[in-house]
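S.K.: In order, the protein sequences belong to chains H and X. Counting from 129, one number per residue, gives the positions in the first sequence under the working numbering. Counting from 88, one number per residue, gives the positions in the second sequence under the working numbering. A virtual CB, placed ideally from N, CA and C, is assigned to each residue, including glycine.
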Amino acid sequence: MSVVVLGIVIFYFLLMFAIGYWANTRTKSAKEFLVAGQTLGFFVMAIATFSSIQSGFGMIGHTANTYAWGIQAIVAAALLVPLSFALSWFLLGARLYRIARQHDVYSIPDVIRVRYPNRSAHVAMSVAMFVGSVAYMTAQVTAMGVIVGIIFDTSVTVGAVIGSVVVAAYTIAGGMLAAVWTDLVQGLLMIAMSIATFFVATSSVGGWSSMLRKIEQYDAGWLHLDATQPVTWVLGFVFLAVLGTAAQPQLVTKFLMLRSASELRWGALVASVAYAVTTLFALSIGLAMRALTAEGRAPELSNIDNTTTWFLDNMTAPVFAGFVMAGLLAAIMSSASSFITIGASSLTRDLVSSLGRTLHRDLLWGRLASAFVVLCSLLFALYLTQVVFLLGAIGWAAFAAAMFAPIVLGIYWKRATGLATTVTIAFGIVANLALTVLTSEEVITLPTYLQAGGLVIALGLLLFVALSVAFPSDGSRRYFDRVYAAPEEEPRDPLRATTPAPLDS
Amino acid sequence: MKLDRTDVLVAAVTVATLFAAVGMAFDVWQAVYYSIPAFVLLFMLLGSMSSREEWSSAVLVPVVGFWAVLTALFVAGAVLMDSSRELGGLHVSSGIFLYLIWPLGTIGAPLVYALVHHRWLAPDLAAADEEARS
Numbered sequence: 129m130s131v132v133v134l135g136i137v138i139f140y141f142l143l144m145f146a147i148g149y150w151a152n153t154r155t156k157s158a159k160e161f162l163v164a165g166q167t168l169g170f171f172v173m174a175i176a177t178f179s180s181i182q183s184g185f186g187m188i189g190h191t192a193n194t195y196a197w198g199i200q201a202i203v204a205a206a207l208l209v210p211l212s213f214a215l216s217w218f219l220l221g222a223r224l225y226r227i228a229r230q231h232d233v234y235s236i237p238d239v240i241r242v243r244y245p246n247r248s249a250h251v252a253m254s255v256a257m258f259v260g261s262v263a264y265m266t267a268q269v270t271a272m273g274v275i276v277g278i279i280f281d282t283s284v285t286v287g288a289v290i291g292s293v294v295v296a297a298y299t300i301a302g303g304m305l306a307a308v309w310t311d312l313v314q315g316l317l318m319i320a321m322s323i324a325t326f327f328v329a330t331s332s333v334g335g336w337s338s339m340l341r342k343i344e345q346y347d348a349g350w351l352h353l354d355a356t357q358p359v360t361w362v363l364g365f366v367f368l369a370v371l372g373t374a375a376q377p378q379l380v381t382k383f384l385m386l387r388s389a390s391e392l393r394w395g396a397l398v399a400s401v402a403y404a405v406t407t408l409f410a411l412s413i414g415l416a417m418r419a420l421t422a423e424g425r426a427p428e429l430s431n432i433d434n435t436t437t438w439f440l441d442n443m444t445a446p447v448f449a450g451f452v453m454a455g456l457l458a459a460i461m462s463s464a465s466s467f468i469t470i471g472a473s474s475l476t477r478d479l480v481s482s483l484g485r486t487l488h489r490d491l492l493w494g495r496l497a498s499a500f501v502v503l504c505s506l507l508f509a510l511y512l513t514q515v516v517f518l519l520g521a522i523g524w525a526a527f528a529a530a531m532f533a534p535i536v537l538g539i540y541w542k543r544a545t546g547l548a549t550t551v552t553i554a555f556g557i558v559a560n561l562a563l564t565v566l567t568s569e570e571v572i573t574l575p576t577y578l579q580a581g582g583l584v585i586a587l588g589l590l591l592f593v594a595l596s597v598a599f600p601s602d603g604s605r606r607y608f609d610r611v612y613a614a615p616e617e618e619p620r621d622p623l624r625a626t627t628p629a630p631l632d633s
Numbered sequence: 088m089k090l091d092r093t094d095v096l097v098a099a100v101t102v103a104t105l106f107a108a109v110g111m112a113f114d115v116w117q118a119v120y121y122s123i124p125a126f127v128l129l130f131m132l133l134g135s136m137s138s139r140e141e142w143s144s145a146v147l148v149p150v151v152g153f154w155a156v157l158t159a160l161f162v163a164g165a166v167l168m169d170s171s172r173e174l175g176g177l178h179v180s181s182g183i184f185l186y187l188i189w190p191l192g193t194i195g196a197p198l199v200y201a202l203v204h205h206r207w208l209a210p211d212l213a214a215a216d217e218e219a220r221s
């Protein structure tokens, strides 16, 4: 990469450090470290939410899939995500705001703690959050290794270490406050990069209409909903995206950080539009590469993961490629920083309190736990590929299966129980792990039309409702009434005291 | 067993999920496809309920209106799946998703939320805050 590109990326790193330093001066307690002091306005919160959801996979992976499958890849994974942001605001906004204002709730396991009496549900969600955060971080470390390696012309290992050190430095220094403000910068960079890329990519094949015409002349199937993948599989992916968005921890946690109820009003619009704009990246490069292949100007790529890098290397100026690389790095880092803080919270606040213990100097422990999450992810990414393979199964679908019903239905439905929550969390994680292992070892073969993640989410929800109805709990009902009650009616802050005795027992 | 509004909505979500699960498991794409607008309506209704489990016409009109347009587009997309027509250079079903459903979901749904929040949820949140303090 040229000196200009290195300059852009080094400036970007320095800006992240500066935000980390600024956030560090304002982080005096766990409340600042874990939920940004509940000071966020709608714009920062919404951009931080979209940028933490739009990961490296969303940019590079969707581009590869669009190149390989055609328009159906974008329909499957991206076109209804903006709608699901709006649904997340409907489902979570007002209820989580009330819970966060009336209890000391800084995390998803905290929501479980105040909503259900069962300690097992709190422990299960805390463990799921830690394992899931390390899993997500491991994927981001691997992606950072590739991108930083290209930018600095070094190995993937060195790239992963550089990227991890940068994101760890500002997140450990400033916690969630640093994470959301760096997410804001990163999100705006992703938006600018995606708009520019859309015009560059479509121009490279004569514009939008010309691009579609060339693809149609080559093979009109690329522009059909039922082209290369079975339509049931595509719709299973849509189901996964629509229900899964509202159950991703990096999104749910943001609703605990707002400074006032009025900040909810326009957040959905900002997040939806921002996400839709960044979808232009995958849409334009994926389809442009297909048109270039149709014209004979690009080879048929044997490894579709190289779609983005081939386009940048061969069809754009080095400075533009560097700008895009910085944007891709931003997409990866914005997801990583949220998961570092969520993982740290699950260790130092959630797991400890779920076991009835108390931690003093929680800010220091939060920082140490953040470093531990990064270190685990780095070691797994670089040296334990089998662990990476298993952790890869605990991603979007596992979180959605484990969290959707207990959190989204649980904050509305009196009959939802702690027992059902514990079983559903375990089912979501174990079912995704089992399917990954069994299919990769060829013990079972799934039909090509079956989107396994979508089916696991559906089964998790059905299991949750069935268990809640079959085994009703007076304790869970009382906790439901109490979760929206006045502050003086709630138990003492469990972080400072022992966990409240389960009402069920 | 006396059912309240939330019970009914959760039951409806369960039925829609069952349809989607059967569709995914047995390759019935229509069951998965039509579960999506059903979820949209049910989630909007669930999220529009006040703390007293009530709605108002100020909420129901925009929510049902949005859902009706979205569902009409979904129906059009399914009916035209085997058509040879084009929309904006794409096969017509893909075109409906890219040029109509995508912007509707991106702009329309958040605007409905903003309206519902302004007219119904924000006053309810303020009242709930007041009640909690008193």
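For proline 197 of chain X and leucine 143 of chain H, which I take to be in contact (beta-carbon distance under 8 angstroms), what is that distance rounded to the nearest angstrom?
M.R.: Rounded, the Cβ-Cβ distance is 29 angstroms, inconsistent with contact.
S.K.: Since valine 571 of chain H is in the alpha helix (DSSP H), which residue starts that stretch and which ends it?
M.R.: Counting along the chain, valine 571 of chain H falls outside any alpha helix (DSSP H), and DSSP gives it neither H nor E.
S.K.: Please list the partners that valine 359 of chain H has in chain X, where partner means a Cβ-to-Cβ separation under 7 angstroms.
M.R.: Simply Trp116.
S.K.: Mark alanine 533 of chain H as exposed unless 16 or more other C-beta atoms lie within 10 angstroms of its C-beta, in which case mark it buried.
M.R.: So alanine 533 of chain H counts as buried.
S.K.: Quick one: is aspartate 232 of chain H buried, meaning 16 or more other Cβ sit within 10 Å of its Cβ, or exposed?
M.R.: Buried, by the Cβ-count rule.
S.K.: What is the rounded straight-line gap between the Cα of glycine 538 of chain H and the Cα of valine 203 of chain H?
M.R.: Going by the C-alpha atoms only, they are around 30 angstroms apart.
S.K.: Pop quiz: valine 313 of chain H and glycine 291 of chain H are said to be a contact at Cβ under 8 angstroms. What is the actual Cβ separation, rounded to whole angstroms?
M.R.: That belief does not hold up - the Cβ atoms of valine 313 of chain H and glycine 291 of chain H are roughly 16 angstroms apart, past 8 angstroms.
S.K.: Do alanine 158 of chain H and tyrosine 234 of chain H have their CB atoms nearer than 8 angstroms?
M.R.: Result yes, Cβ atoms of alanine 158 of chain H and tyrosine 234 of chain H sit closer than 8 angstroms.
S.K.: Determine the closest residue to proline 600 of chain H out of H:Ile557, H:Ala544 and H:Trp524, with distance taken between C-alpha atoms.
M.R.: For the residues H:Ile557, H:Ala544 and H:Trp524, the minimum Cα distance to proline 600 of chain H belongs to H:Ala544.
S.K.: What residue range is occupied by the uninterrupted alpha helix (DSSP H) comprising lysine 342 of chain H?
M.R.: That run of the alpha helix (DSSP H) goes 336-347.
S.K.: Check distances from the C-beta atoms of the stretch 366-383 of chain H to those of chain X and list, in chain order, the residues that come in under 9 angstroms.
M.R.: Of all residues in the stretch 366-383 of chain H, Val366, Phe367, Val370, Leu371 and Ala374 have a Cβ within less than 9 angstroms of some Cβ in chain X.
S.K.: Would you say aspartate 621 of chain H reaches chain X, if we count a Cβ-Cβ gap shorter than 8 angstroms as a contact?
M.R.: Here the model assigns aspartate 621 of chain H a pLDDT of 43, short of 50, so the residue's position is not dependable and the matter cannot be decided.
S.K.: Which class does proline 619 of chain H belong to by DSSP, given the choice of helix, strand or coil?
M.R.: Any reading at proline 619 of chain H must be qualified, since the residue scores a pLDDT of 47, below 50, and its modelled position is unreliable; the value itself is stated next. Here proline 619 of chain H sits in coil by DSSP.
S.K.: Quick check on the DSSP output: what are the complete alpha helix (DSSP H) runs of length 4 or more inside the stretch 536-592 of chain H, in order along the chain?
M.R.: Here the runs fully enclosed are 546-568.
S.K.: Quick one: Cα of glycine 603 of chain H to Cα of arginine 418 of chain H, how far?
M.R.: Their Cα atoms are separated by approximately 57 angstroms.
S.K.: Using a Cβ cut-off of 7 angstroms, pull out every chain X residue sitting near phenylalanine 448 of chain H, in sequence order please.
M.R.: Here the premise fails: no neighbours, minimum Cβ distance about 26 angstroms.
S.K.: With a cut-off of 8 angstroms, does the C-beta of alanine 214 of chain X fall near any C-beta of chain H?
M.R.: False, the Cβ-Cβ gap to chain H never drops below 8 angstroms.
S.K.: Helix, strand or coil for leucine 305 of chain H, going by three-state DSSP, please let me know.
M.R.: Helix at leucine 305 of chain H.
S.K.: May I ask you to verify whether the stretch 144-154 of chain X touches the stretch 160-174 of chain H, counting CB pairs closer than 8 angstroms and requiring at least 3?
M.R.: No, because fewer than three Cβ pairs between the stretch 144-154 of chain X and the stretch 160-174 of chain H fall closer than 8 angstroms, the two stretches do not touch.
S.K.: Should aspartate 211 of chain X go down as buried or exposed, given a rule of 16 or more other Cβ atoms within 10 Å for buried?
M.R.: Aspartate 211 of chain X is buried by the Cβ-count criterion.
S.K.: How about the stretch 467-486 of chain H and the stretch 495-508 of chain H: do they share at least three Cβ pairs that are nearer than 8 angstroms?
M.R.: The stretch 467-486 of chain H vs the stretch 495-508 of chain H: in contact.
S.K.: Rounded to whole angstroms, what's the CA-CA distance from alanine 215 of chain X to glycine 588 of chain H? Just pull it up for me.
M.R.: Roughly 32 angstroms between the two C-alpha positions.
S.K.: Looking at valine 34 of chain X: is its Cβ nearer than 8 angstroms to the Cβ of valine 109 of chain X?
M.R.: Shown here, chain X extends from 88 to 221; a query on residue 34 of chain X therefore has no answer.
S.K.: If you run the structure through DSSP and keep just helix, strand and coil, what is leucine 90 of chain X?
M.R.: Three-state DSSP puts leucine 90 of chain X in coil, outside helix and strand.
S.K.: Since valine 163 of chain H and leucine 384 of chain H are thought to touch, with beta carbons under 8 angstroms apart, how far apart are those beta carbons, to the nearest angstrom?
M.R.: That belief holds up - the Cβ atoms of valine 163 of chain H and leucine 384 of chain H are roughly 5 angstroms apart, short of 8 angstroms.
S.K.: Can you pull the chain X neighbours of phenylalanine 218 of chain H, defined as C-beta to C-beta under 8 angstroms?
M.R.: In chain order: Phe130, Met131, Leu133, Gly134, Ser135, Tyr200 and Val203.
S.K.: Residues in its own chain within less than 8 angstroms of alanine 252 of chain H by CB, not counting five upstream and five downstream?
M.R.: Counting only Cβ-Cβ distances below 8 angstroms, and skipping sequence neighbours, we find Thr549, Thr550, Ile553 and Ala554.
S.K.: Please state whether DSSP places histidine 205 of chain X in a helix, a strand or coil.
M.R.: Helix, per DSSP.
S.K.: What are the uninterrupted segments assigned as alpha helix (DSSP H) that are 4 or more residues long and contained completely in the stretch 241-315 of chain H, given in chain order?
M.R.: Correct list: 247-279.
S.K.: Flag this pair as yes or no: are the beta carbons of valine 242 of chain H and valine 611 of chain H separated by less than 8 angstroms?
M.R.: Yes, Cβ-Cβ distance for valine 242 of chain H and valine 611 of chain H is below 8 angstroms.
S.K.: What is the rounded straight-line gap between the Cα of tyrosine 264 of chain H and the Cα of glycine 176 of chain X?
M.R.: Their Cα atoms are separated by approximately 38 angstroms.
S.K.: Within the stretch 107-148 of chain X, note down every full alpha helix (DSSP H) run reaching 4 residues or more, in order along the chain.
M.R.: You should have 116-135.
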